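Residue numbers (the numbering used here): 1 to 165.
Data first, discussion second: the structure below is written as structure tokens.
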């Protein structure tokens, strides 16, 4: 049985978040988008400056541990009324399919409910197998959209949502 625990990340954790990102992102997206787009997006969203700005703009970051080993991270925030957005949730590839993602997402859903959240939204690349995980967790696709991110690149995503009771 795995012993997972979660703690809130702080600015001092940015190097750890970046380390985890570089262990997850290339494997997750190399068959979906070009190496050039991966490099661009890593700089855009995961540079030290970008992560600091996200934290300053009320994105809550969490780090997931198995025992004392960091195996993933997530970030989310309230975006409007009682709707929250899960911006990021990544688990190391060798730690996936062991219940860690479910544990992590259930923790986030509980937190959102405690904040009177009525819905949690996320975006997932249309070719990312994680869509199936989110569907199993109760999310449904509410729209398909292409988000321009600069440099001629787009994120071709599904916007998914789960209604909270």
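C-beta: ideal position from N, C-alpha, C; glycine also.
On a predicted model such as this, the values are computed, not experimentally measured, just so you know.
Counting only the Cα atoms, residue 67 lies some 31 Å from residue 160. Nearest C-alpha to residue 140 among 125, 162, 128, 4: 162. Judged by DSSP in its simplified three-state form, residue 3 adopts coil rather than helix or strand. A direct Cα-to-Cα measurement between residue 4 and residue 26 gives close to 24 Å. Relative to the Cα of residue 64, the nearest Cα in the group 57, 91, 41, 38 belongs to 91. For residue 118, there is no enclosing beta strand (DSSP E), as DSSP marks it with neither H nor E.
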